[in-house]
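Residue numbers (the working numbering): 6 to 141.
Structure, rendered in structure tokens:
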């Protein structure tokens, strides 16, 4: 079994972990004690997930540029969301939630930096122009 099975951003394991993580999050929101830190954790995870599914480019440019980055960030985010929910189920403590919030905040800060530059960029060149060999 290769590492691609565990870290493929479009693979079944990552997508399953993301679905399981959000099901566990909804379970904890409905049936468990909620703390301020868990709500912040949920909001950060939701924003990271939502940004990934928003179409940032025209249909012919989908999946490249920042959209590819957002797909790649779903791999660590899915693992963080699942592990945090498992640990929170057995040990609902704020220090672990704070650690998970810091991890998601690092991912989100990079996303915001990329979005800042995306909105400032007025160049009509398509995303990933050179890596997709569009210059030929």
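Glycine included, each C-beta is placed from N, C-alpha and C at the ideal position. Remember, it's a predicted structure, so these values are computed and weren't measured experimentally.
- Check the Cα spacing between residue 78 and each of 35, 43 and 110: the tightest is with 110.
- Straight across, the Cα-Cα distance linking residue 66 with residue 100 is about 41 Å.
- Along the length of the region 62–140, whole alpha helix (DSSP H) runs at least 4 residues long occupy 71–95 and 99–125, reported in chain order.
- Only residues of its own chain outside the window of five on either side were considered, and among them 140 have a CB closer than 7 Å to the CB of residue 134, listed in chain order.
- Around the beta carbon of residue 82, 16 or more other beta carbons sit within 10 angstroms, so the residue counts as buried.
- Per DSSP, the unbroken alpha helix (DSSP H) holding residue 17 starts and ends at 17–36.
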